[in-house]
Ligand SMILES: C[S@@+](CC[C@H](N)C(=O)[O-])C[C@H]1O[C@@H](n2cnc3c(N)ncnc32)[C@H](O)[C@@H]1O
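Numbering (our numbering), first residue to last: 682 to 954.
Written as structure tokens, this is what we have:
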């Protein structure tokens, strides 16, 4: 079967996905070890029997609902590839807003930053690689997630510290930046039962108190761990902006603002002490 024929038949099989064409290209990229531009240059190249069988198997699993990132074992974030497993959240493009907020707000000089609930390491490793002068710590409560972050740090050549722990409990600081994309989905939200999200760890997604429990704990712990002028930056749900702004203000944070994500929804709230 030719590359263009394989992609066409996969797209037809993946109509239940919101992104059938992209999914087909990413899966074929995994089978052939090529990036997507190769398919446009060589549409007439033939898949051999093994390649065709593996591609058809991956398409079948995708059609049954498995996330593409679990089938390819990776996801791109802030221009780099991160290994993803079933133990980690699949990094989202909207979380790049968090990275951009930090890069735009803090200076490119030596400072101490911590990424709480690092998962694959997407946020903290992006910061460490964009700002080699920063000393970045990555933490997570999940040993399995932290192992993935460690592998990603090695593969990407980032120098960071990794620590397992419950938010800021085991960290004395002080930090110039505390950054986190914590679980913030209401456990009763029906979206948790739909699409790719069903395959991600519930502990990475849902938080009690209508999704606010972890945001509250981190905000309460952060104030004492920041240097004077240090920043707290939190990702949250599109409908949590005003609650998180009030939370930060109640804990004495100043210049509290919210940034929008790629779709223009409230996504990241930040303030300094
Ligand atoms: C929404 S995921 C974010 C993952 C990654 N930072 C990203 O943006 O792709 C939340 C992460 O917080 C971790 N987590 C949950 N509860 C925690 C706790 N009490 N202390 C530290 N990390 C926790 C989860 O294991 C998960 O990796």
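Each residue gets a CB set at the ideal place from its N, CA and C atoms; glycine is no exception.
Q. Rounded to a whole number of angstroms, what is the C-alpha to C-alpha distance between residue 833 and residue 864?
A. The residue given as residue 833 occupies position 152 in the chain shown. The residue given as residue 864 occupies position 183 in the chain shown. C-alpha separation (whole angstroms): 21 Å.
Q.
Between 746, 910 and 898, which has its C-alpha nearest residue 937's C-alpha?
A. The residue you call residue 937 lines up with position 256 of the chain shown. When each option's Cα is compared against that of residue 937, the closest is 910.
(Q) Within 8 Å, do at least three Cβ pairs link the segment 919-935 to the segment 875-884? (A) no
Q) So residue 915 packs on residue 950, CB below 8 Å; how close in whole Å? A) Translated into the one-based positions of the chain shown, residue 915 becomes position 234. Translated into the one-based positions of the chain shown, residue 950 becomes position 269. Their Cβ separation, rounded to whole angstroms, is 5 Å, which keeps residue 915 and residue 950 in contact under 8 Å.
Q. Hey, is the segment 823-840 in contact with the segment 699-707, meaning 3+ C-beta pairs nearer than 8 Å?
A. no
Q. Helix, strand or coil: which one does DSSP assign to residue 771?
A. Within the chain shown, the letter at position 90 stands for residue 771. If DSSP states are grouped into helix, strand and coil, residue 771 belongs with coil.
Q. Whole-angstrom Cβ separation of residue 849 and residue 779, contact assumed at under 8 Å?
A. Working through the chain shown from its first residue, we reach residue 849 at position 168. Working through the chain shown from its first residue, we reach residue 779 at position 98. Not a contact, Cβ separation roughly 17 Å.
Q: Quick one: measure Cβ to Cβ for residue 887 and residue 770, integer angstroms, because I've assumed they're closer than 8 Å.
A: Here residue 887 refers to the residue found at position 206 of the chain shown. Here residue 770 refers to the residue found at position 89 of the chain shown. Residue 887 to residue 770, Cβ: 12 Å. No contact.
Q) Is residue 749 near ligand 1, going by C-beta to nearest heavy atom under 7 Å? A) The residue labelled residue 749 in the question sits at position 68 within the chain shown. Result no, Cβ not under 7 Å from ligand 1.
**Q.** Check: residue 800 C-beta below 7 Å from any heavy atom of ligand 1
**A.** Here residue 800 refers to the residue found at position 119 when the chain shown is read from its first residue. Residue 800: yes, Cβ under 7 Å from ligand 1.
Q. To the nearest angstrom, how far is it from the Cα of residue 952 to the Cα of residue 903?
A. Taking the first residue of the chain shown as position 1, residue 952 is located at position 271. Taking the first residue of the chain shown as position 1, residue 903 is located at position 222. So the two alpha carbons sit approximately 11 Å from each other.
Q. Buried or exposed: which applies to residue 695, given that a residue is buried once 16 or more other Cβ atoms fall within 10 Å of its Cβ?
A. The count along the chain shown starts at 1 and reaches residue 695 at position 14. With 16 or more other Cβ atoms within 10 Å, it is buried.
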